[in-house]
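Here is the structure we will look at.
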Amino acid sequence: MDCAPQITNAVETAIPLCQIIWCGVHVLRAVMRKAEKFQDRSNFETFYNLMKLLVFGSEEEEIDHDEVYNNLEEILNEEPAAREYFDQQWRHHLDRWMLRYRNEGDGTNNISESHFKVLKHQYFPERRNLRLDELVIELYSSVVPSFLIKLQIKGLDSERSVKVIKKVTRDFEEMTQFKDGHS
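Numbered per UniProt numbering, the sequence shown spans residues 1 to 183.
Encoded structure:
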């Protein structure tokens, strides 16, 4: 997901059980766009490299996340405008962009973009400009059943999957009752 706290808050409100991880590429692009917040160019370059380590890690060596974060803090102590930006945009969302908080999955949004491509070409190849309610009903009636079948085939029965499936089922029943009663 893009690294906008407003979008994150909206998604969390709408889908409380989701886990939101910000795309590492988007995180670093956002940091790059704020280079002017640093008075000293070398501080920015060091900050950027430290952020990159915190987002993606290092293939060459194991990193000490605490040490890297402390080094990042030292640089921010010298750069008041950058400190303000970091505190506002990144500090309260460490679990969304730092590698140490991601247990699994990709650090970029390539997977979600791939899923979007499947939705667009497999489930909605000729459908454009759907009303939002029609899109949601189509997702619940076509996409979710396919997802449930895949879960059953893989034998996944984690507590989280079960909660998601129950919520989807309840929501779909409520939506179809509402649509049938208010057509």
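Beta carbons are placed, not taken as given, at the ideal position from N, Cα and C, and that holds for glycine.
Three-state secondary structure assigned by DSSP to residue i
{"i": "Ile64", "result": "At residue 64 the sequence reads Asp, which differs from the Ile that was named. It is coil, neither helix nor strand."}
{"i": "residue 190", "result": "Since the first residue shown for the chain is 1 and the last is 183, residue 190 is missing from the structure and cannot be characterised."}
{"i": "Trp22", "result": "coil"}
{"i": "Phe124", "result": "coil"}
Inter-residue spacing [alpha-carbon to alpha-carbon] between residue i and residue j
{"i": "Val143", "j": "Glu113", "result": "16 Å"}
{"i": "Phe38", "j": "Phe86", "result": "11 Å"}
{"i": "Leu119", "j": "Met98", "result": "29 Å"}
{"i": "Ile15", "j": "Arg83", "result": "31 Å"}
{"i": "Pro125", "j": "Asn9", "result": "30 Å"}
{"i": "Val168", "j": "Glu138", "result": "13 Å"}
{"i": "Leu50", "j": "Leu17", "result": "31 Å"}
{"i": "Arg91", "j": "Leu135", "result": "35 Å"}
With 16 other Cβ atoms within 10 Å as the buried cut-off, status of residue i
{"i": "Val31", "result": "buried"}
{"i": "Arg33", "result": "exposed"}
{"i": "Arg29", "result": "exposed"}
{"i": "Ser183", "result": "Below a pLDDT of 50, predicted positions are generally treated as unreliable, and Ser183, at 48, falls in that range; the measurement from the model is reported next regardless. That one is exposed."}
_Extract the residue ranges of the alpha helix (DSSP H) inside the segment 31-92, only unbroken runs of 4 or more that lie entirely within it._
41-56, 65-77, 80-89, all fully within the segment 31-92.
_Would the segment 57-67 count as touching the segment 19-30 if we require 3 or more Cβ pairs under 8 Å?_
Judged by Cβ distances under 8 Å, the segment 57-67 makes no contact with the segment 19-30, as fewer than three pairs qualify.
*Counting Cβ pairs closer than 8 Å, one from the segment 68-83 and one from the segment 37-52, do we hit at least three?*
Put simply, the segment 68-83 touches the segment 37-52. At least three CB pairs are less than 8 Å apart.
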